[in-house]
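Numbering (the working numbering), first residue to last: 2 to 80.
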């Protein structure tokens, strides 16, 4: 019987080996205001640092967002 440690099983994954430890504290989901002239830069930064962000002042009507939310919650068979 041969037993490998979990870390040995993940040694082939380059992302795990190249991740850097961080001392930063999570301060919340980054918020990007599309009216901000620096919005493009802030989106890139949020994606690089967190992988997601909250978008405000995007111009999408609330009614449309509510319809999308209703659609998402519908069973797959019904869609």
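Positions of the beta carbon are idealized from the N, C-alpha and C atoms, including for glycine.
Quick one: give me the first and last residue of the beta strand (DSSP E) that residue i is part of.
i	result
residue 57	55 to 57
Could you pull the DSSP bridge partners for residue i from this structure?
i	result
residue 32	55
Kindly indicate the opening and closing residues of the alpha helix (DSSP H) around residue i.
i	result
residue 82	Lying outside 2 to 80, the shown extent of the chain, residue 82 is not represented and no answer is given.
residue 67	63 to 74
Between residue i and residue j, which are expected to be in contact by the criterion C-beta below 8 Å, what is the C-beta distance as a whole number of angstroms?
i	j	result
residue 44	residue 54	7 Å
Original post:
Are the region 26 to 39 and the region 48 to 67 touching, with three or more C-beta to C-beta distances below 8 Å?
Top reply: Enough Cβ pairs lie closer than 8 Å, so yes.
**OP:** May I ask you to verify whether the region 46 to 53 touches the region 62 to 74, counting CB pairs closer than 8 Å and requiring at least 3?
**Re:** No: the two stretches stay apart, fewer than three of their Cβ pairs being nearer than 8 Å.
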